[in-house]
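Numbering that gives the first Met the number 0 puts the first residue of the sequence shown at 0, with every later residue one more than the last. Note that the Cβ used here is the ideal one computed from N, Cα and C, for glycine as well. For reference, the structure is listed below as structure tokens.
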Amino acid sequence: MTKRLMLLEENQIAFHSEDGLIFDVVEDYSLQIAKMLGLNDDSQFLQAGVQTVLDIGCGFGSFGAHLVSLNVMAICIAAYEATGSQVQLTLARGLPAMIRNFITRQLPFPTLSFLKWFIAQCGIVWDKKDWMLLLEVDRVLKPGGYFVLTSSTSQPYGSSLSMKNSMLTPMEELTPKICWNLKAQQYETFIWQKTVVSDCYTSCKQGAIPLCNEGHEFGVQPDYFFEDLQIWRSALKNYWSLLTPLIFSDHLKRPGDEDPLSPLNMIRNVMDMSAHYGGLNAAFLEERKSVWVMNVVAVNAPYTLPLILDQGFAGVLHDWCEPFPTYPGTYDLLHANGLLSHLSSERCGMMDLFLGMDRILQPEGWVFSVIKWELLRWHVCLLHKCFGKQG
């Protein structure tokens, strides 16, 4: 992608291209990838099975914003930055992002469960550490999924041959061993596809590629999803009816008197801290709320994350005894249903959890919680009872 400048203009952030070389427009880049995949245009991504995209290196979030406009869930990850954070800026735009140093830590996603399409636009040296980074990509990439690799340098079109030789030669050593095929190459962009042919995996040397095991079979019936959705469909209506008058009464983002429209942009970044099957996310979509949801599955909760990701939702596995990998004040609404029951570890307690929630919540942000109050051992005055005795 081209280098871009972020400028502050009249209290608003504007983006300007620093040069006029390749991929000056995000839409052109997306269209190029679509055509390399044999599609007419990028509006056909969903038809081609592209539901979720992981973007390594967020930039300013423009590529993710474009994909979201095509109803494709795009999550970007980038390392922590003290200033000018890609993740923080992307979240401020109301787009999915999280802090993760891909080079030093395993991705917080399950094996063969997340990505229909994998995007990388950063200068990672893939053949270092015995190909560990590329093997990690293979771990999360589904058969039939795509790995799109774009050079991190802005070079004229004519220099693609030298870049191809330097990048493609080492990649050719491993990609056949992990059953990847080079599908297309154009200028500084390469696309590999992970094969769906099972013979390729069975013919490999034992231990070369981790195959599915019984732990990947969940035995979940469609009725489970429907029941989960029914619960949160009614709950969301209660939440929103409570929240709307509060937002309009006294909120930093409330509309002025000259603009009394619905508060579409006041709540954009939502976290479901105990997502179960993603029913709350599905309910938001049904109600056409202009939000996105980070579905979090606790490490000691039932392992439903692959089922959430298969629905095209954003989601991660997380240990709530550790800080969530994001910047302070990046979520507008936190939803915690039964989360306290997962804090069985002696390493942390309720206060650690609440301090962590306070850190990531926006000023004037909201917390919706469905818990048994006797677990808190507090004297609690409920403003509204949605679920009988549980509050």
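Looking only at its chain, what residues have a beta carbon closer than 8 angstroms to the beta carbon of I123, apart from the 5 residues adjacent to it on each side? I55, F101, I102, L132
Helix, strand or coil at S153 according to DSSP, with G and I counted as helix: With a pLDDT of only 41 at S153, under 50, the local geometry of the prediction cannot be trusted, and the value read off the model is given with reservation. Residue state, collapsed to three classes: coil.
Report the CB separation of P109 from P324 in whole angstroms; it is logged as a contact under 8 angstroms. Actually they do not touch by this definition, with Cβ atoms about 17 angstroms apart.
Look up Q105 in the DSSP assignment and say whether it is helix, strand or coil. coil
Tell me whether V231 sits in a helix, a strand or coil according to DSSP, three-state version. Before going on, a small fix: residue 231 reads as Trp here, not Val. Of the three classes helix, strand and coil, the one that applies to W231 here is helix, per DSSP.
Tell me, please, which residues DSSP counts as bridged to V67. Paired residues: none, contrary to the question.
Tell me the rounded alpha-carbon separation between M35 and L140. 19 angstroms
How about V295 and M265: do their beta carbons lie closer than 8 angstroms? no
Measure the Cβ-Cβ separation of P460 and A73 and say whether it is below 8 angstroms. The structure shown has nothing for residue 460, since the chain only spans 0 to 390.
CA-CA distance, D318 and I98? 15 angstroms
With a threshold of 7 angstroms, establish whether the CB of K176 neighbours any heavy atom of the ligand FAD. By its list of ligands, the structure shown contains no ligand whatsoever, and the ligand FAD lies outside what it can speak to.
Where does W191 fall in DSSP's three states? strand
Could you tell me which residues DSSP puts in a beta bridge with Q184? F189
Do Q87 and Y330 count as a contact pair if the criterion is CB distance below 8 angstroms? no
Between the Cα of K176 and the Cα atoms of I190, T194, V290, which residue gives the shortest distance? T194
With distance defined between alpha-carbon atoms, name the residue in H334, A91, A297, A281 nearest to F269. It is Val, not Phe, that sits at residue 269 in the sequence shown. It is H334.
For N280 and R232, the rounded distance between their alpha carbons: 10 angstroms
Using the C-alpha atoms, what's the distance from V315 back to L134? 19 angstroms
Check for me: the alpha helix (DSSP H) holding L284 runs from which residue to which? 278–285
Per the DSSP calculation, S368 is bridged to which residue(s)? A335
Starting from the Cα of I307, find the closest Cα among H275, L332, E321, E285 and give me that residue. H275
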